[in-house]
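The structure appears right after this line, and notes come after that.
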Amino acid sequence: MKKIILTGGGTAGHVTPNLALIPALREQGWDIGYIGSYKGIEKELIEKEGIPYRGISSGKLRRYFSFKNFTDPFRILKGYFQARGILKRERPDVIFSKGGFVAVPVVLAAKARRIPVIIHESDMTPGLANKLCIPSARKVCCNFPETLKYLPKEKAVLTGSPIRRELLSGSPLAGFKFTGLSSKKPVLLVIGGSLGSVKVNTAIREILPELLKEWQVVHLCGKGNLDASLSGLDGYVQYEYISAQLKDLFAMSDLMVSRAGANSICELLALRKPNILIPLSAAASRGDQILNAESFRKQGFSEVLQEEELTGEVLLSLIKKVHGDRQKYISAMNAASASNAVEIILKLLNEAGGH
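Per this note's numbering, residue 85 is the first one in the sequence shown, and the count goes up by one each step.
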């Protein structure tokens with residue numbers, strides 16, 4: 085049986101494309117394993133799929149001063165030797181890496197053992213972890229045409245982002261039943277990312293009295309960000325994180341407010357959902373979400389609100405504007421050329437693994 089090891093973690097964005105590949109890999113008869121961090125979000129998400137999961141030591145390489153910069157290289161080195169041991173025992177035909185710092189020791193260990201590696205870069209420009217991995221990769225998949233200029237020409241493949249099949253088969257009725265909301269008023273779905281966003285959460289909650297006159301709100305606010313004082317508020321439901329029912333929440337939603345992580349916005353495009361993107365600021369990230377959002381704004385798929393300009397009043401005004409012009413955004417998304425990322429990546433994996 086052909087065998088693949090998937091890797092990637094740190095945020096949900098480094099795991100969801102792997103989750104999208106798993107059903108298709110199973111259909112093709114692949115034996116699947118996963119290497120991630122000991123306690124990252126990837127562990128819970130992958131184990132739910134019944135995939136054998138192995139945790140390794142992981143660290144982070146920071147561009148700013150931190151005392152952890154002195155200890156994390158040792159964690160990465162430990163992770164490298166752990167990954168080598170796992171790969172020696174498992175003897176996979178190919179590695180697929182979605183990035184994040186836990187993937188770096190796995191990819192380097194694969195190179196040392198001469199196991200071919202395929203990498204996927206979701207953002208417009210490669211992050212530091214993937215930059216470290218690209219020299220060891222056979223092919224580098226990407227989401228945006230603009231990314232090709234940042235990658236070695238002989239390795240770059242424009243694939244788009246693998247989308248989980250189940251997201252396309254959600255039921256509005258199931259969504260209304262799960263949330264207890266009504267089908268008689270439009271639904272705004274707010275997603276702050278797997279880690280949540282204090283600024284987005286604050287802005288949404290600030291305008292709830294006005295918002296709830298016209299809308300119902302489903303708020304995915306991130307771990308530890310529930311507001312107990314709002315429990316039971318008519319027309320408003322909040323969750324830390326949703327997995328199984330996410331497809332139904334998407335299906336029932338009329339408009340979405342979201343961070344601009346590459347996987348998230350590709351899902352919005354696939355679902356043809358009018359949306360407002362609030363990218364992480366350059367002060368809190370390397371600025372990749374700003375570039376992702378700008379690409380979608382230029383293509384007419386999204387409206388963009390920079391975090392520095394985010395206030396409840398501005399957000400409320402933009403929600404009204406996008407909902408009023410919703411058909412314009414849907415038409416632009418319908419006209420977009422779509423590629424089957426799962427199919428293209430499977431072909432690359434089969435070629436790399438000698439199948």
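Ideal Cβ placement from N, Cα and C applies to all residues, glycine included. Owing to the predicted nature of the structure, the values given are computational and were not obtained by experimental measurement.
- The beta carbon of residue 380 sits closer than 6 Å to those of 349 and 386, all from its chain and outside the five residues before and after it, given in chain order.
- The beta carbons of residue 243 and residue 209 sit about 17 Å from each other, so the pair does not count as a contact at 8 Å.
- Non-local C-beta neighbours of residue 392 in its own chain, meaning closer than 7 Å and more than five positions away in sequence, comprise 365, ordered along the chain.
- The Cβ neighbour count for residue 351, taken over all protein chains shown within 10 Å, is at least 16; the residue is labelled buried.
- In this model, residue 407 and residue 390 are separated by some 19 Å (Cα to Cα).
- Per DSSP, reduced to three states, the secondary structure at residue 163 is helical.
- In the three-state scheme derived from DSSP, where H, G and I count as helix and E and B as strand, residue 227 is classed as coil.
- Excluding sequence positions up to five before and after residue 205, its CB lies within less than 8 Å of the CB of 183, 211, 214, 224, 225, 226, 227, 231 and 235, all in the same chain and listed in chain order.
- With respect to residue 289, residue 273 sits apart: the two C-beta atoms are not nearer than 8 Å.
- Check the Cα spacing between residue 263 and each of 302, 270 and 238: the tightest is with 302.
- The beta carbon of residue 405 sits closer than 8 Å to the beta carbons of 387 from its chain, once the five residues preceding and following it are set aside; these are given in chain order.
- Within the DSSP secondary-structure output, residue 208 pairs in no beta bridge.
- Non-local C-beta neighbours of residue 229 in its own chain, meaning closer than 7 Å and more than five positions away in sequence, comprise 242, ordered along the chain.
- Annotation: the continuous alpha helix (DSSP H) that includes residue 415 extends over 410-418.
- Unbroken alpha helix (DSSP H) stretches of 4 residues or longer found wholly inside the segment 247-314: 256-263, 282-290 and 292-295, given in chain order.
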